[in-house]
Each structure stands twice: as structure tokens, then as C-alpha cells.
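All remarks here apply to the structure that follows.
Protein chains: 2
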Amino acid sequence: MENNDEIFMRRAISLAKRAVGRTCPNPLVGAVIVKDGKIIGEGYHKKAGMPHAEIEAMNSVKNKDDLKGSTIYVNLEPCNHYGKTPPCSLAIEKSGIKRVVMSMLDINEEASGGAEYLSKKGVETVVGVLEDEAKKLNEVFIENITNKKPFFVMKAAMLLNGSIAVRGGVSKWITSEKSRKFSHRLRGIYDAVGVGINTVIMDDPLLTCRTGSYKQPKRIVFDMNLRIPISSTLFSKYSNNVYIVTSVFADGSKKRVLKAMNINLIECDVKNGEFEPQSLCNTLIENGVCSCVIEGGSRTHGYFVKHDLYNKAYLFYAPKISGSYGAFNVVGSDAPLNLKDTKKLKHTGCRKIGEDILIEGYF
Amino acid sequence: MENNDEIFMRRAISLAKRAVGRTCPNPLVGAVIVKDGKIIGEGYHKKAGMPHAEIEAMNSVKNKDDLKGSTIYVNLEPCNHYGKTPPCSLAIEKSGIKRVVMSMLDINEEASGGAEYLSKKGVETVVGVLEDEAKKLNEVFIENITNKKPFFVMKAAMLLNGSIAVRGGVSKWITSEKSRKFSHRLRGIYDAVGVGINTVIMDDPLLTCRTGSYKQPKRIVFDMNLRIPISSTLFSKYSNNVYIVTSVFADGSKKRVLKAMNINLIECDVKNGEFEPQSLCNTLIENGVCSCVIEGGSRTHGYFVKHDLYNKAYLFYAPKISGSYGAFNVVGSDAPLNLKDTKKLKHTGCRKIGEDILIEGYF
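Protein chains in written order, with this note's numbering: chain A, 686 to 1048; chain B, 686 to 1048.
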């Protein structure tokens, strides 16, 4: 049985989830205010620049006097700094809330300190309620702060032997409609979707999110030499959210054409004939990409696997198998010489999605 | 709720399973004799040449008078011919059993006809109780009779991207001990285990069943040019159940050495530089291989996939991934040009075996 603190915190977490994919570079935060065992206020952080969850929750209480003596549940430590908004710690102190229950402390040094501040001011603070759930909820934010890089998600649809395309590059459609719908949801959940230039040239995808009420993702193409065709389907819709990652050496006239088309060009450092990984991470973060689902192809997955950039994987296996000679394997980079140098996944799970099988896990 | 016929038939099927891997070329059959709602006799077919299940069950009834007016449940139609043993139909008729409940008719024309015979003699016959379960139980036998070939099972341990070995061929151990134990059980369940000559040269396996109380499988090496090292570990134990499939063109002196070592040599026709599939099936059936789990490597799986020889797959995925260039893919044969030419699997399922993921399915 869950205790009351856990029940109200679960509610706060479920409120936080309503903004999935919309809060970058901020975390997902929900808040619930409880008095005499009843919820009197709720709120969540909707978008960077909008009020924090604690403020939303306090604002939802009509009679501010009710806040006196209440408890606030929030899945992340209230901020303690003047950012785009004033510190929540101060607002909580002034409101008369007497108890603050948090899942976890803020790992962002700049904003942290709210718990300590409130404690010093005589407010009771509790940390660690549903901490694991809260960390999973904010895995993107934690990766951003801890490793100064986007949270990269590997998504691939393949045959049981790892081929993502047969000879000649045909890949439509390896998996079923159900799996493809699921993939569209991933585009809505993460900030961006990224593909290599070969995928654009061969498959000419649109890369939008075409399911439910999700937001549209930024659409990123990794295209060092600006080989992207001007007539790409990608440009036919929302062209201002297409981002082409290229190099300073790419053709200048093509750059001018693309800029005139309202396409975002991101210049990234090149090393050993490929994008320098840290530069890639920095430029994406600077462009508001806190999380990105990478949909391939082979060479692109190969690059991200090789450089240990992936955080999570969604691997869809169609119930099909074929010879591998001449096919494109999902990971197009050099195999290691030793098994211990393969990349390990943790917390893996498997389930059927229609007739396909989905294996999920964390790198 | 199951009715009585189903309950007793389920018992017959569970008795039949006790002989898994031991009845080739015969089917798995169990029988239960019931009188006044109580089981008075049970039996199952233990091995080719031993009594059939019906006879075992009748023999288990001490007072043969009890058989009069009883019902016998048997998962396959009683045989109606003089084979290694006299027809069961005749024995049932003479015993006074008044009702025969079967899951399915015998698909082996030579032995079938028992139901019709008994019906004509005034015995009540029922066909079709737990038919699906009975067909699954005897999938090996059905494949043998229907397609005149062994039931071939693909077993592979691989990375998530289909590599069964990294560069240089290292494959020990991709999957965990739990998965390997499971694989050992497969060696006990099927008549034989088969590998390509490259696997013998690179991994030098023993290929015995090293778990539980299972029988030892026949161990088959596909070795067209007799490249097998005389010092192979394979020969260190039970060398008389090693079978080398080779060609008439292989080196005669090596053949003489191996024969002197008590190794079974099977000569198979060669076409287009590989074993002719029908000849391979025939020679294996002739050597008492009704079912065979193929453990690779890459080229061997490639051959069996390409020629549509596989019936079932057990694919173990370790929670690891790596680049594919220079690695060995699980299916070492040409990829098709069209997705529709990939091989489809049915009735797939997935589950975790320790930290690995097992995908099962039927071709």
C-alpha cells in the first residue's frame, strides 16, 4: 500500500507528464497542494518561460489563506534563483505552506538550494518520495545537466537479423503499421527527430509526428557536405523547424539557397571525417534540442553507437529474416575485436506491438 | 471449463511428452484408459520398436476384464498396420474397450485407418479433442511425413543487431549462462544438433547436452570438404554419435581415418557448390534424424534460411549492440532485393531469459 505522501506525489508526477516534449531546457515538474487530506491546488510547468509548477499550483487555489498550513508535493526541489521567473522557494515561504515534499533535489547547481532555504526558514522538508519515478520522468533533463548533451534515443525498425534495408536499400515497410504509429508518438515525446543524409536521399521522409495531439518535433538532418536535395519532402511542411547539421566547409551557395528557404543551418566541427561529438552535442543543445530520437540510417546509428552518444533504444523487430549479404545492418560502423567492447544495454524489456517485437533498454 | 474428454486427453498428451526426443521416427503418443470416470490405465510410447501407447496403457491394467466398456484417450489415431508391432486397432477391438477418443487422425497413410476400422467394428470413435495441442506436440512427426524432411530448428545467440561474432570471429560468450542452459535443453529435446565446419574449426565445441536428464543428441557437422581437425573436441566423447555430412568428392584418406575413429560419414549430393537440400534431408532422415537444432554459424544459418529448410527459430539476443562491419551476421547468405522475399515467421513470442531476450517463432 502506498502512503499518502506517495499517492499525492504520484499525482504530481502525472501532472508533470502532461508537458512531455514541451519544457526543454527545463525539467518536467508537477505540484499538488494538500490540506486536511484533500487536494486544494494543482499545477505543472507547461513550457520554458511559463510559471513553474509550484506557482501554477498556488495560483489554482482561490483563497490564498487556504495555503497556510498546507503541504505541497513537487517532484523536483523548488528553484532558489531568479531565472526567467522569481525563485519558487521564496513564494512557498511567503505563502504559509508549512511542509514541502520533494522526490529529488535539483541537480542543476544554479537553481538548487530551495530545500535548504525553506528548511532554514522553518518549513518542514521531505526529500526522496518516489525518487526513482521522478528520476525516470526527468531522464532527459538529468542527462542534459550531468553530461551536457542531448538525450539521444535510438529508434530502428529491422528484420530479426538486424537488417534495416534489403539489397538496394529498400526499407519500406519492414515493420507493421502499429509499430510505425508507436514511432510517431516518439517524435511527439522527444524534442527532435534526427536522420542521416542518406536516409533523406533514399527514403525522402517527411519526419513529422502524425499521431494524436502531440507537438511537432524539430527535424534534424546530419548532412556534412550539404547533399540534401532542395526538392526534399522534408521542406514541404513546417520548413522552419528543419535543422541541417553541416560543416563550415559545405558549399556556400547551397547554404544561401537553404537559408533563403527558411531552413536552419547548424555548423558543427568536423574531425576525422565525421562530426566531432562534443561539438555536435553543444550545437544541438544551443538550438534547443534537449532530446532527439535518431531514426537512422545505418551509418548514423553507427556513429551514435561508436561514440557512446545513445541513452535509450527502441528497437522494433519485424517477424522476418533474410540473408545479410548486401543488406544494411542497423549499426553501420566497425565491429570491435572483443565482445567486452560491445555496448551494453540495461533495464531491457520486450513486448509485442502488433505482429512486431519491441525491445527497449537504456545504454 | 474443460470437459472430461479434454481433461483426460490433456493427461494423455502430458504422458506422451515424457518421451520427447526419443521416439524418432515415430510420433509422441500417450494413452489413458478411463472407466466410470476414473483412470484405470496409462501408458506412452517410449521409443521406436517399443510397444505403442495404447498397448502400454492396456498392459498397465491388471485385471483385463476392467477394459470391457472402458474409454481410451489417445492423442493420435491408433495404428492399423503390422509394423514393428501388431496393429493397435485390433488390440483395442479385442479388449472390449467401447469408446476411443483421439486428438487427430494419423497423417501417415501406411499406419492410418484405425478409427475407421474400429468404427466398423462397433466401437464408438471421437476425433478432434485437443487437436491443436496434439498437432503442436507432434510437429516434428508431421513435418517428417508431410514434407519428407527433418524438422529443422534455428538456434542462435546474437547481439541486438544480429551479430553472432565480433571481428575475428570471437563469439564466446555473447549470451548469458541462463540462455546457454536453455540451449542445452534444446539439444536434449531434438534428435540432433548441427553446426557448420567453420564453427567446429573456430569454436571447437563439444555439442553435448549438459543439463538435466535429457538424452544425448546426435552431433552433426556439415563439412563438404572434410576440413574437420582430427583433434576436434567433438570426438573426445561419444564419438559414435558424431555424424559428418560430406560429399563423395572429399578426401578418401581422411574418410578412412575418420571411419577408423568410429565417426559416421554421410555422403550427400552437391549442387552449385553446396549440399543439394533434398539430398541433405533424405540422408539425415535415413540416419535417424527426425529433428535437428542448427546452432550455426553464419554460413550454415544462411544456407538453411535461403533454402526454406527451417521450421522453427529460437533467437537469443544479448542486451548488447555494436558496429556490424567485419562482424558475422547470424544469416550469412545474400539479402533479397525485395522485402516481400524475406522469410516470414508466425506465432512469434518474446520473453526474457535472465538478462537476454528470447524470440521464438515458426517459419
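By construction, the Cβ of each residue, glycine as well, lies at the ideal position given by its N, Cα and C atoms.
Is the CB-CB distance between residue i and residue j below 8 Å?
i        : j        : result
A1003(A) : A1020(B) : no
T1033(A) : I1044(A) : yes
L1024(A) : I859(B)  : yes
E816(A)  : M789(A)  : yes
A716(A)  : E741(A)  : yes
G982(B)  : G853(B)  : no
C953(B)  : V930(B)  : yes
N744(B)  : G728(B)  : yes
N731(B)  : A701(B)  : Here the sequence assigns Lys to residue 731(B), which means Asn is not the residue at that position. Cβ distance not < 8 Å, so K731(B) and A701(B) don't count as in contact.
M909(A)  : V955(A)  : yes
V878(B)  : R904(B)  : yes
M694(B)  : V814(B)  : yes
For chain A, is any of its Cβ atoms less than 8 Å away from the one on residue i?
i        : result
I1038(B) : no
L994(B)  : no
A819(B)  : no
L1049(B) : Nothing in the structure corresponds to residue 1049(B), since chain B is present only between 686 and 1048.
S848(B)  : yes
K997(B)  : no
T985(B)  : no
L822(B)  : no
G973(B)  : no
On a CA-only basis, which of the options is nearest residue i? Give me that one, please.
i        : options                                : result
V785(B)  : I724(B), V811(B), E795(B), L775(B)     : V811(B)
N748(B)  : Y758(B), M735(B), K720(B), P772(B)     : K720(B)
S856(B)  : T708(B), K866(B), L844(B), F867(B)     : L844(B)
K997(B)  : Y1047(B), M946(B), Q963(B), C764(B)    : Y1047(B)
T756(B)  : S921(B), L803(B), P736(B)              : L803(B)
I782(B)  : F836(B), I725(B), A733(B), F989(B)     : I725(B)
A945(B)  : S924(B), S964(B), K956(B)              : S924(B)
S976(A)  : N711(A), D908(A), Y875(A), D888(A)     : Y875(A)
K1029(B) : K991(B), P962(B), N846(B), G728(B)     : K991(B)
N846(A)  : I1042(A), S1007(A), G1017(A)           : S1007(A)
D791(A)  : V814(A), P763(A), K939(A), F920(A)     : P763(A)
E828(A)  : N793(A), Y729(A), N765(A)              : N793(A)
F826(A)  : V808(A), S868(A), L761(A)              : L761(A)
R872(A)  : S898(A), I692(A), I886(A), R1036(A)    : S898(A)
V746(A)  : R870(A), I718(A), Q963(A)              : I718(A)
G799(A)  : E739(A), K1037(A), K753(A), F837(A)    : E739(A)
S1009(B) : Y1010(A), K1005(A), S1018(A), S1009(A) : S1018(A)
F920(A)  : L892(A), G937(A), K939(A)              : L892(A)
L1022(A) : S848(B), G754(B), P772(B)              : S848(B)
T884(B)  : R707(B), S917(B), L775(B), P712(B)     : S917(B)
V978(A)  : F907(A), E959(A), M694(A), S780(A)     : F907(A)
K866(A)  : K940(A), I1038(A), I692(A)             : I1038(A)
Within 8 Å of any Cβ in chain B, is that where the Cβ of residue i sits?
i        : result
D888(A)  : no
K642(A)  : Coverage of chain A is limited to positions 686 through 1048, which leaves residue 642(A) absent and any answer about it impossible.
L1030(A) : yes
K991(A)  : yes
T884(A)  : no
I1027(A) : Looking at the sequence shown, residue 1027(A) is not Ile but Thr. Closer than 8 Å: yes.
G1046(A) : yes
Whose Cβ in chain B lies nearer than 8 Å to the Cβ of residue i?
i        : result
N1023(A) : V851, V855
Can you pull the chain A neighbours of residue i, defined as C-beta to C-beta under 8 Å?
i        : result
T1033(B) : P1004, K1037, E1040, I1042
L965(B)  : Here the premise fails: no neighbours, minimum Cβ distance about 18 Å.
State yes or no: is the beta carbon of residue i nearer than 8 Å to at least one beta carbon in chain D?
i        : result
E1045(A) : In summary, chain D is missing from the structure at hand, where the protein chains are A and B.
Next item on the list: Could you list the residues in the stretch 854 to 877 of chain B with a C-beta less than 9 Å from some C-beta on chain A, going in chain order?
Entry: If the cut-off is 9 Å between Cβ atoms, the stretch 854 to 877 of chain B has V855, S856, K857, W858, I859 near chain A.
Item checked: Under 9 Å (Cβ pairs) to chain A, residues found in the stretch 1002 to 1021 of chain B -> Flagged, chain order: Y1002, A1003, P1004, K1005, I1006, S1007, G1008, S1009, Y1010, G1011, A1012, F1013, N1014, V1015, V1016, G1017, S1018, D1019, A1020, P1021.
Margin query: Please identify, using Cβ separations under 7 Å, the residues of the stretch 825 to 850 of chain A that lie next to chain B, in order along the chain.
Written below: Residues of the stretch 825 to 850 of chain A whose Cβ lies closer than 7 Å to any Cβ of chain B, in chain order: L844, L845, N846, G847, S848.
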